[in-house]
Amino acid sequence: FSTFPGVPKWTKTHLTYRIVNYTPDLPKDAVDSAIEKALKVWEEVTPLTFSRLYEGEADIKISFAVREHGDFVPFDGPGNVLAHAYAPGPGINGDAHFDDDEKWTMDTAGTNLFLVAAHELGHSLGLFHSTNMEALMYPLYSSFKDLARFRLSQDDVDGIQSLYGPPPASPEDPLVPTESVPPGPETPAMCDPALSFDAVTTLRGEILFFKDRHFWRKSLRVLEPQFLLISTFWPSLPSGMDAAYEVTSKDTVFIFKGNQFWAIKGNEVQAGYPRGIHTLGFPPTVRRIDAAIYDKEKKKTYFFVEDEYWRFDERRQSMDPGFPKQTAEDFPGVDTKVDAAFEQFGFFYFFSGSSQLEYDPNAKKVTHILKSNSWFNC
Amino acid sequence: YPLDGAARSQDSSMDLAQKYLENYYNLAKDAKQFVRERDSGPVVRKIREMQKFLGLKVTGKLDSKTLEVMHKPRCGVPDVGH
């Protein structure tokens, strides 16, 4: 591997990026996910984290252009030069430009956008070209990589970690427990009629009910839920959490406690977390949230705080204006503080103490009132 | 003037090679065309550098393999520091 002359690198670990325009070759969300995936390649092996901006100046600006495009390094039409990028720094530095005379694709038929973007973003982070033909940072484009099994070469990892070091100590490879924790005196009884939950979320088709240091893991295919310690899956997560929700399109569950939140994929806590809840747009007056639920139809997340709620736009990654609002105003019948919430089969389930409200967001009304532990087939 | 295509295509390969070495290997723009150079001129040296960097057989000559690589799609960032 090599770095740019003078070894320019970012002096901060949280970077912003902005997709300034799009190629007509692909749907916008395909470009979004290719760029997101390309950033994740580097995020996973460094302390770096990235958040997206939709306007204004970002550290890394990504754009598509043809021929002369304002940086005195014109593109050359179809073939040959596919893209170029600039070393870390202000202004054009850190930016990545893609030649729109290429045919950008999501597979390997044309020029795969994810592969080229991952390479160019390596430059945006400070890597120069590598002589290792297996490395992502080798200058020539190779289209025969099996995208599904794409991995950075050790040369790439050594290169980027020579600039930024490894990711923060991620928890030991979390065990994948199979044995439930036998209920004991200090563990909550799942059929206790007074049972309430700290947080509830879906996770890859299962439902997780969190309580103190434990959680029940309910698969819809199995009658009996598993009862497990949170620490067996996520040693770095806190117990007694406040809220949790899954953004299915990102295969990510967000866990909240106090004024911090974590992101987990399966049983891996994502690097760069915890982050402060105020980075989501909450004012300083909000010190914790009670519950959260992701509406996959609208791609919005609702955060519940006391008797109010906030709405977060998962695409724009920012809070919608005009909030908070009274929860009961927009969710008629949900007029108590919400402890936990999740979405299943198109219904929203709101938990308050030992009661659970099944809410139909289309009919905008509560359709059933249940016991909180109705999912455990007591 | 070159009478047959071979000479003309040879010219275009040389132009391509000249441009490639200028763009990615810091060849000075005023470097003479290598056809009139001995083995040790700046352009031959740059061809060696390129062949070494990209893992080709280092001959210093514009052989077919080297020309083929120069036609391949690639990143526009230079291979050696400006």
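Taken in order, these protein sequences are the chains called P and B. Residue numbers 2 to 379, in our numbering, belong to the letters of the first sequence in order. Residue numbers 17 to 98, in our numbering, belong to the letters of the second sequence in order. Virtual Cβ for every residue (Gly too), placed ideally from N, Cα, C. Quick caveat: nothing in here was measured; it's all calculated off a predicted structure.
> Does the beta-carbon distance from Lys258(P) to Arg214(P) come in below 9 Å?
Replying inline: Translated into the one-based positions of the first sequence, residue 258(P) becomes position 257. Translated into the one-based positions of the first sequence, residue 214(P) becomes position 213. Cβ distance not < 9 Å, so Lys258(P) and Arg214(P) don't count as in contact.
> Which residues in the same chain have their Cβ closer than 8 Å to the Cβ of Ala192(P), if we skip the five residues on either side of it in sequence?
Replying inline: Residue 192(P) sits at position 191 when you count from the first residue of the first sequence. Here the sequence assigns Cys to residue 192(P), which means Ala is not the residue at that position. Excluding residues within five positions, the ones whose Cβ falls inside 8 Å are Asn374, Phe377 and Cys379.
> If we ignore side chains and look at the alpha-carbon of each, how far apart do Ser143(P) and Phe234(P) end up?
Replying inline: Here the question's residue 143(P) lines up with position 142 in the first sequence. Here the question's residue 234(P) lines up with position 233 in the first sequence. Whole-angstrom Cα-Cα distance: 38 Å.
>> Based on DSSP bridge pairs, tell me the residues matched to Ile63(P).
In response: One-based indexing of the first sequence puts residue 63(P) at position 62. Beta-bridge pairing links Ile63(P) to Ile20(P) and Ala97(P).
> Hey, Tyr360(P) and Gly334(P) are a contact pair by Cβ (cut 8 Å); roughly how many whole angstroms apart?
Replying inline: The residue you call residue 360(P) lines up with position 359 of the first sequence. The residue you call residue 334(P) lines up with position 333 of the first sequence. That belief holds up - the Cβ atoms of Tyr360(P) and Gly334(P) are roughly 7 Å apart, short of 8 Å.
> Nearest to Val74(P) by CA position, among Ser29(B), Val74(B) and Tyr40(B), is which residue?
Replying inline: Along the first sequence, read from residue 1 onward, the residue named residue 74(P) stands at position 73. Ranking Ser29(B), Val74(B) and Tyr40(B) by Cα distance to Val74(P) puts Tyr40(B) first.
> At least one CB of chain B closer than 9 Å to the CB of Asp380(P): is that the case?
Replying inline: Residue coverage of chain P in this structure runs from 2 to 379, which leaves residue 380(P) outside it and unanswerable.
> Can a CB atom of chain P be found closer than 9 Å to the CB of Asp95(B)?
Replying inline: As a position in the second sequence, residue 95(B) is number 79, starting the count at 1. It does; some Cβ of chain P falls within 9 Å.
> Apart from the five residues just before and just after Ser29(B), which ones in its own chain have a Cβ nearer than 7 Å to its Cβ?
Replying inline: Within the second sequence, the letter at position 13 stands for residue 29(B). Cβ-Cβ distances below 7 Å link Ser29(B) to Leu78 and Leu83 in the same chain, with the five nearest sequence neighbours on each side left out; the list follows chain order.
>> Tell me the rounded alpha-carbon separation between Pro175(P) and Asn268(P).
In response: Residue 175(P) sits at position 174 when you count from the first residue of the first sequence. Residue 268(P) sits at position 267 when you count from the first residue of the first sequence. Note that Pro175(P) scores a pLDDT of 41, beneath 50, so its modelled location is shaky; the value from the coordinates is reported in the next line. If you take the alpha carbons of Pro175(P) and Asn268(P), they lie about 7 Å apart.
>> With a threshold of 9 Å between beta-carbons, can Phe115(P) be considered close to chain B, or not?
In response: Here residue 115(P) is taken as the residue at index 114 of the first sequence, counted from 1. No, because no Cβ of chain B sits closer than 9 Å to the Cβ of Phe115(P).
> In three-state terms, what does DSSP make of Val248(P)?
Replying inline: Here residue 248(P) corresponds to residue number 247 of the first sequence, with the count starting at 1. Correct three-state label for Val248(P): strand.
>> Quick check on the burial criterion: 16 or more other C-beta atoms within 10 angstroms. Buried or exposed for Leu221(P)?
In response: Counting from one through the first sequence, the residue named residue 221(P) turns up at place 220. So Leu221(P) ends up on the exposed side.
>> Could you check whether the Cβ of Arg90(B) sits closer than 9 Å to any Cβ belonging to chain P?
In response: The residue you call residue 90(B) lines up with position 74 of the second sequence. With 9 Å as the cut-off, Arg90(B) counts as an interface residue toward chain P.
> Between Pro226(P) and Asp101(P), is the Cβ-Cβ spacing less than 9 Å?
Replying inline: The residue labelled residue 226(P) in the question sits at position 225 within the first sequence. The residue labelled residue 101(P) in the question sits at position 100 within the first sequence. In this structure, Asp101(P) does not lie closer than 9 Å to Pro226(P) by Cβ.
>> Runs of 3 residues minimum, wholly inside the region 191 to 256 of chain P: which ones carry the beta strand (DSSP E) assignment?
In response: Counting whole runs of 3 or more residues, the region 191 to 256 of chain P contains the beta strand (DSSP E) stretches 200 to 204, 207 to 212, 215 to 219, 227 to 230 and 244 to 248.
> Of the residues that make up the region 58 to 75 of chain B, which ones have a beta carbon closer than 9 Å to any beta carbon in chain P?
Replying inline: Lys68, Phe69, Leu70 and Gly71
> Opposite Cys91(B) in the DSSP bridges: which residues?
Replying inline: Position 75 of the second sequence, counted from the first residue, corresponds to residue 91(B). In DSSP, Cys91(B) forms a bridge with Ala84(P).
> Going along the chain, which unbroken runs of the beta strand (DSSP E) with 3 or more residues stay wholly within the region 305 to 350 of chain P?
Replying inline: 309 to 314 and 341 to 345
> Can you name the residues of chain B whose CB is closer than 9 Å to the CB of Asp112(P)?
Replying inline: As a first step, residue 112(P) must be located in the first sequence, where it is residue number 111. Reading off the sequence, residue 112(P) comes out as Thr, not Asp. Going along chain B in sequence order, the residues near Thr112(P) (Cβ under 9 Å) are Pro89.
>> Closest to Gly92(P) by C-alpha separation, out of Ile20(P), Glu58(P), Gly166(P) and Asp108(P), would be which residue?
In response: Walking along the first sequence from the start, residue 92(P) turns up at place 91. Answer by Cα proximity: Glu58(P).
> Do Phe99(P) and Leu114(P) come within 9 Å of each other at the CB atom, strictly closer than that value?
Replying inline: As a first step, residue 114(P) must be located in the first sequence, where it is residue number 113. As a first step, residue 99(P) must be located in the first sequence, where it is residue number 98. Yes, they are a contact pair.
> If we ignore side chains and look at the alpha-carbon of each, how far apart do Val270(P) and Phe304(P) end up?
Replying inline: For the purposes of this step, residue 270(P) is identified with residue 269 of the first sequence, where counting begins at 1. For the purposes of this step, residue 304(P) is identified with residue 303 of the first sequence, where counting begins at 1. For the pair Val270(P) and Phe304(P), the Cα-to-Cα distance works out to about 21 Å.
> Going by beta carbon distance, what residues of the same chain come within less than 7 Å of Pro162(P), once the five residues before and after it are set aside?
Replying inline: Start at 1 with the first residue of the first sequence, and residue 162(P) comes out as number 161. Per the sequence shown, residue 162(P) should be read as Gln rather than Pro. Result list for Gln162(P): Val46 and Thr47, in chain order.
> Taking Cβ positions only, does Asn81(P) come closer than 9 Å to chain B?
Replying inline: As a working note, residue 81(P) is residue 80 in the first sequence. Chain B, which has a Cβ nearer than 9 Å to the Cβ of Asn81(P), makes this yes.
>> Please return the same chain residues whose Cβ sits closer than 7 Å to the Cβ of Phe69(B), not counting the five positions on each side in sequence.
In response: Counted from its first residue, the second sequence places residue 69(B) at position 53. If we look at Phe69(B) and ignore the five residues flanking it on each side, its Cβ neighbours are Asp95.
>> On the criterion of 16 or more Cβ atoms from any shown chain inside 10 Å, does Leu169(P) qualify as buried, or is it exposed?
In response: Numbered from its first residue, the first sequence carries residue 169(P) at position 168. The amino acid at residue 169(P) is misidentified as Leu; the sequence shows Pro. Under this definition Pro169(P) is an exposed residue.
>> Suppose you measure from the CA of Lys13(P) to the CA of Pro58(B); what does that come to, to the nearest Å?
In response: Here the question's residue 13(P) lines up with position 12 in the first sequence. Here the question's residue 58(B) lines up with position 42 in the second sequence. In a straight line, the C-alpha of Lys13(P) is about 41 Å away from that of Pro58(B).
> In three-state DSSP terms, what is Phe377(P)?
Replying inline: Start at 1 with the first residue of the first sequence, and residue 377(P) comes out as number 376. Helix.
>> For Phe5(P) and Pro140(P), I'd like the C-alpha separation in whole angstroms.
In response: As a position in the first sequence, residue 5(P) is number 4, starting the count at 1. As a position in the first sequence, residue 140(P) is number 139, starting the count at 1. The straight-line gap from Cα to Cα measures roughly 14 Å.
> If we count the other Cβ atoms within 10 Å of its Cβ and call it buried at 16 or more, is Asn22(P) buried or exposed?
Replying inline: For the purposes of this step, residue 22(P) is identified with residue 21 of the first sequence, where counting begins at 1. Within a 10 Å sphere around the beta-carbon of Asn22(P) sit fewer than 16 other beta-carbons, which makes this residue exposed.
>> For the alpha helix (DSSP H) containing Asp156(P), name the first residue and the last one.
In response: As a first step, residue 156(P) is located in the first sequence; it is residue number 155 there, counting from the start. Residues Gln155 to Tyr165.
> DSSP beta-bridge partners for Tyr303(P)?
Replying inline: Residue numbering aside, residue 303(P) sits at position 302 when the first sequence is read from its first letter. In DSSP, Tyr303(P) forms a bridge with Ile294(P) and Arg312(P).
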